[in-house]
Amino acid sequence: MTPYAPVAIFAAVAVAAALAFSLLPGLLAQRKPNPEKEKAYECGVEPTSAIAGRFPVKFYLIAMLFVILDVEAASFYPWAVQMHALRMFGLIEMGAFIVVLGIGYAYVWKKRGFEWR
Amino acid sequence: MHADLLPVALANYVALSSVIFFIGVAGVVLRRNPLIMLMSIELMWNAANLLFLAFARAWLNNAGHIFAFLVITVAAAEAAIGLAIVVIVFRSRANVDVDEIALMKG
Amino acid sequence: MPNFITHQDWLAITPLLIAGGGALIVLLVDLLWPKHSPRAVSLAIGIGVLLAAGAFAATTYGRSYNAFNGGFMLGGFAVVFQEIIVLSAILSLSLFGTFGRDDRMAGITALLLWSTTGAMLMAGAANLMTIFLGLELLSLALYCLCGVADRAASQESALKYLILSSTASGFLLFGMALLFGATGSVTLASLMLPGLAANPLYWMGGGFFLVGIAFKLSLMPFHVWSPDVYEGAPLPVTAFMSVVTKAGTLAVFARFAYALPAGGKLLLPFFVIAGVSMIGGNLAMLAQTDLKRLLAYSGVAQAGYMVAALAGASALGMRYAIYYLAAYMFMNLGAFAIVAVLSGEREEGAQIAAFRGLGQRRPWLAAAMSFFLLALAGFPPTAGFLGKILILAATVNAGYAWLAALLIAGTAISLYAYFKVLRLMYDPHDQPAPGPRTSAPLAYAGAALCAAFVIIMTFYPLTPSNVLPLVK
Chain A
65 MTPYAPVAIF AAVAVAAALA FSLLPGLLAQ RKPNPEKEKA YECGVEPTSA
115 IAGRFPVKFY LIAMLFVILD VEAASFYPWA VQMHALRMFG LIEMGAFIVV
165 LGIGYAYVWK KRGFEWR
Chain B
8 MHADLLPVAL ANYVALSSVI FFIGVAGVVL RRNPLIMLMS IELMWNAANL
58 LFLAFARAWL NNAGHIFAFL VITVAAAEAA IGLAIVVIVF RSRANVDVDE
108 IALMKG
Chain C
14 MPNFITHQDW LAITPLLIAG GGALIVLLVD LLWPKHSPRA VSLAIGIGVL
64 LAAGAFAATT YGRSYNAFNG GFMLGGFAVV FQEIIVLSAI LSLSLFGTFG
114 RDDRMAGITA LLLWSTTGAM LMAGAANLMT IFLGLELLSL ALYCLCGVAD
164 RAASQESALK YLILSSTASG FLLFGMALLF GATGSVTLAS LMLPGLAANP
214 LYWMGGGFFL VGIAFKLSLM PFHVWSPDVY EGAPLPVTAF MSVVTKAGTL
264 AVFARFAYAL PAGGKLLLPF FVIAGVSMIG GNLAMLAQTD LKRLLAYSGV
314 AQAGYMVAAL AGASALGMRY AIYYLAAYMF MNLGAFAIVA VLSGEREEGA
364 QIAAFRGLGQ RRPWLAAAMS FFLLALAGFP PTAGFLGKIL ILAATVNAGY
414 AWLAALLIAG TAISLYAYFK VLRLMYDPHD QPAPGPRTSA PLAYAGAALC
464 AAFVIIMTFY PLTPSNVLPL VK
């Protein structure tokens with residue numbers, strides 16, 4: 065028995081159980097749908113709109129720009145910690161990084177990616 | 008291998024990240040909302056990250072840490088592009104649901 | 014001051030810096046131009062940058078660099094792949110004469126250059142980190158490129174490609190993590206260590222890694238993305254994708270496969286799916302009505318042929334795989350160039366029905382298309398035929414006779430599929446369908462160049478000799 069045998073057994077059991085639980089109802093259950101059953105609440109409040117509300121697209125745009133700037137800030141961190149060890153080389157590399165980023169930033173700006181519309 | 012440095016046995020990390028990975032796979036396969044699918048993909052990548060960090064500690068090799076950092080950066084780029092593509096696909100469309108995207112079938 | 018990056022390291026990545034930096038120049042020019050830079054300017058800068066990168070890469074031929082502590086290795090192998098990648102990027106850019114909106118051309122060119130950079134990185138990548146970085150740079154730019162056309166199909170193909178391909182990257186990454194756990198190092202050279210065979214992490218990791226690779230190569234059970242994405246993506250992007258992703262991934266696979274001790278049992282399932290792709294890809298071609306889908310399934314089979322050449326990890330197999338890859342690039346891009354000539358913005362020419370009666374309408378185009386299709390089918394005496402014979406020799410030599418048999422069977426099936434298109438073009442009873450007359454001088458030039466190279470490769474089947482992928 066290798067030390068990973070338990071992992072393999074665990075994985076096999078997990079996959080088998082998950083498959084069984086998701087496939088068995090389809091095989092065993094009787095299905096007689098009607099419009100009333102298909103509703104989100106079978107009895108009770110009448111639904112007035114779709115279950116998940118819709119977000120305006122601009123939130124995704126902001127989220128997208130945030131994700132990029134977020135990680136960009138994260139990559140400054142290791143450099144800042146090791147700044148003295150890396151010396152001039154690190155500074156130049158970071159400068160190149162920022163120049164590349166700046167060109168992208170300017171491009172988004174010119175293409176009006178930052179406008180709230 | 009310096010597995011004794013780890014507070015928990017290495018096999019546990021492998022088991023945990025395998026479980027996370029397959030939750031991610033199941034999410035991609037079973038869910039139809041592209042945003043959820045993107046999140047599931049992030050889950051798969053992060054499972055790999057966990058494994059990199061655990062092994063980096065076990066082997067005392069910093070390459071694992073650097074790799075995990077690289078993966079985080081790439082994952083952010085991927086998430087940004089993913090969101091952008093979701094936005095352009097659904098700008099003209101009401102629903103965010105892959106089943107609605109049935110123009111082409113493999 | 015400590016020396017982090019040596020002179021040698023800079024030399025090794027100069028072609029990548031040229032291509033990647035050139036993309037920034039394209040964007041800067043577009044920024045500084047009053048409204049947006051004209052299409053010709055972006056295209057000219059793009060092609061110029063690629064030519065420079067290719068020329069610089071060529072100067073490193075024959076020397077072997079071991080840059081970034083074994084992360085990036087140049088040698089005959091990597092340089093040849095880089096040249097193939099650069100050349101197909103140039104040919105694909107030349108198809109952009111009419112496609113896409115003018116104001117997006119700078120962005121498109123920049124993305125294509127970055128994608129090329131990623132593929133060139135993959136060609137030289139010798140550790141898991143550089144492989145991953147190259148693959149993602151290639152893929153991330155490609156996702157955007159798939160969605161640049163203002164058609165619902167194009168945007169959906171981008172989404173589909175993004176989700177499926179990122180999932181495959183997840184498998185690849187998880188496999189890399191497990192391999193790192195098995196060896197304690199990210200270099201491919203560490204896979205040569207004896208005693209790995211007893212480690213279950215090695216088998217799991219290798220398996221996941223190969224699933225990711227098979228997906229990117231669109232081998233048969235993992236090919237579901239390719240027909241849809243090929244159909245939806247803008248035509249020049251499809252052309253680019255069909256060759257460049259295959260070239261980059263094949264380079265990575267070759268380096269991985271040749272690092273394993275004596276081929277390894279690990280690779281056997283991979284060669285089995287290569288065999289499945291040869292049969293399945295060609296069978297699926299029979300049912301297609303869209304030329305891009307047809308070429309997608311053809312690509313599935315062709316990827317199978319190229320992987321088969323590497324079975325047994327012989328030096329000969331590597332040479333023949335490179336020969337076939339180069340031939341495939343010219344045949345495939347030539348066919349795409351003809352479709353581009355026949356297509357307007359809506360890509361009507363991609364329907365197989367658009368070829369009805371082409372032999373009467375535009376005999377020269379029909380002749381060129383027939384030539385490329387016959388070459389793809391491996392009809393003698395074309396480069397495709399020669400390439401297949403060479404691959405047959407390599408597989409039989411390496412003791413994989415069953416792969417050779419599958420290759421022959423697959424070729425027989427594919428002949429029928431390609432002949433269906435040929436018959437449509439030359440059927441005297443077919444009324445010629447009116448098609449758009451576009452003037453795309455660059456696309457004509459691309460098609461002519463491809464035809465010339467296919468002919469040259471037939472008569473001078475030169476393959477570089479020192480092409481073994483190094484890992485140490």
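Protein chains in written order, with this note's numbering: chain A, 65 to 181; chain B, 8 to 113; chain C, 14 to 485. For each residue, glycine too, the CB sits at the ideal point set by N, CA and C.
Rounded to the nearest angstrom, what separates residue i and residue j at their Cα positions?
| i | j | result |
| --- | --- | --- |
| residue 8 (chain B) | residue 192 (chain C) | 14 Å |
| residue 417 (chain C) | residue 28 (chain B) | 37 Å |
| residue 458 (chain C) | residue 341 (chain C) | 18 Å |
| residue 465 (chain C) | residue 381 (chain C) | 11 Å |
| residue 92 (chain A) | residue 386 (chain C) | 51 Å |
| residue 264 (chain C) | residue 83 (chain C) | 16 Å |
| residue 225 (chain C) | residue 75 (chain B) | 18 Å |
| residue 55 (chain C) | residue 182 (chain C) | 31 Å |
| residue 152 (chain C) | residue 87 (chain B) | 14 Å |
| residue 131 (chain A) | residue 83 (chain B) | 6 Å |
| residue 482 (chain C) | residue 64 (chain C) | 24 Å |
| residue 383 (chain C) | residue 91 (chain C) | 32 Å |
| residue 212 (chain C) | residue 195 (chain C) | 7 Å |
| residue 425 (chain C) | residue 395 (chain C) | 16 Å |
| residue 176 (chain A) | residue 91 (chain B) | 15 Å |
| residue 73 (chain C) | residue 402 (chain C) | 31 Å |
| residue 88 (chain C) | residue 70 (chain C) | 10 Å |
| residue 432 (chain C) | residue 405 (chain C) | 23 Å |
| residue 112 (chain B) | residue 290 (chain C) | Bear in mind that a pLDDT of 43 at residue 112 (chain B), under 50, signals an unreliable position, so the number given afterwards is only what the model happens to contain. C-alpha separation (whole angstroms): 19 Å. |
| residue 460 (chain C) | residue 286 (chain C) | 32 Å |
| residue 123 (chain A) | residue 133 (chain A) | 15 Å |
| residue 15 (chain C) | residue 65 (chain B) | The pLDDT assigned to residue 15 (chain C) is 47, lower than 50, so where the model puts this residue is not dependable, and the model offers no usable value. |
| residue 442 (chain C) | residue 241 (chain C) | 32 Å |
| residue 147 (chain A) | residue 141 (chain A) | 10 Å |
| residue 149 (chain C) | residue 81 (chain B) | 7 Å |
| residue 375 (chain C) | residue 305 (chain C) | 21 Å |
| residue 327 (chain C) | residue 281 (chain C) | 15 Å |
| residue 269 (chain C) | residue 310 (chain C) | 25 Å |
So, are the CB atoms of residue i and residue j less than 8 Å apart?
| i | j | result |
| --- | --- | --- |
| residue 30 (chain C) | residue 78 (chain C) | no |
| residue 134 (chain C) | residue 147 (chain C) | yes |
| residue 295 (chain C) | residue 178 (chain C) | no |
| residue 228 (chain C) | residue 235 (chain C) | yes |
| residue 26 (chain C) | residue 41 (chain B) | no |
| residue 325 (chain C) | residue 411 (chain C) | yes |
| residue 248 (chain C) | residue 112 (chain C) | yes |
| residue 123 (chain C) | residue 36 (chain C) | yes |
| residue 18 (chain B) | residue 71 (chain A) | yes |
| residue 254 (chain C) | residue 199 (chain C) | no |
| residue 267 (chain C) | residue 170 (chain C) | no |
Report the residues of the segment 64-76 of chain B with a CB closer than 8 Å to any CB of chain A, ordered along the chain. From the segment 64-76 of chain B, only 76 have a Cβ closer than 8 Å to chain A.
Near-chain B residues of the segment 197-220 of chain C - C-beta to any C-beta below 7 Å: Residues of the segment 197-220 of chain C with a C-beta atom less than 7 Å from some C-beta of chain B are 197, 198 and 199, listed in chain order.
The segment 29-44 of chain B: which residues have C-beta closer than 8 Å to a C-beta of chain C, in chain order? 31, 32, 35, 41 and 44
I want to know whether the segment 254-267 of chain C touches the segment 91-105 of chain C - three or more CB-CB distances under 8 Å. Remark: three or more beta-carbon pairs, one from each stretch, lie closer than 8 Å, so the segment 254-267 of chain C and the segment 91-105 of chain C are flagged as touching.
Could you check whether the segment 135-145 of chain C touches the segment 162-178 of chain C, counting it as contact only if at least three pairs of C-beta atoms, one from each stretch, sit closer than 8 Å? no
With 9 Å as the C-beta to C-beta threshold (strictly closer), list the residues of the segment 128-139 of chain A near chain C in chain order. none
The segment 152-180 of chain A: positions lying closer than 7 Å to chain C by Cβ: Answer set for the segment 152-180 of chain A: 152, 153, 164, 167, 170, 171 and 174.
Meets three-Cβ-pair contact criterion under 8 Å: the segment 102-111 of chain C and the segment 344-352 of chain C: yes
Unbroken stretches of the alpha helix (DSSP H), 4 residues or longer, contained in the segment 35-110 of chain C: Listed in chain order, the complete alpha helix (DSSP H) runs (minimum 4 residues) inside the segment 35-110 of chain C are 52-72 and 89-107.
Could you name each continuous alpha helix (DSSP H) segment of 4 residues or more that falls completely within the segment 229-273 of chain C, going from the start of the chain to the end? Taken in chain order, the unbroken stretches of alpha helix (DSSP H) that lie wholly in the segment 229-273 of chain C and span 4 residues or more are 238-245 and 248-272.
Alpha helix (DSSP H) runs contained entirely in the segment 272-360 of chain C, provided each spans 4 or more residues: 281-298, 304-322 and 328-355
Looking at chain B, which residues of the segment 143-177 of chain C have a Cβ within less than 8 Å of any of its Cβ atoms? 145, 146, 149, 153, 156, 157, 160, 165, 166, 168, 169, 170, 171, 172, 173, 175 and 176
So if I threshold CB-CB distances at 7 Å, which residues from the segment 20-49 of chain C count as touching chain A? 37, 40, 41 and 44
For the segment 360-397 of chain C, list the alpha helix (DSSP H) runs that are entirely contained and at least 4 residues long, ordered along the chain. For the segment 360-397 of chain C, whole alpha helix (DSSP H) runs of length 4 or above, ordered along the chain, are 371-374 and 376-390.
Taking three-plus beta-carbon pairs below 8 Å as touching, is the segment 32-51 of chain C in contact with the segment 163-174 of chain A? yes
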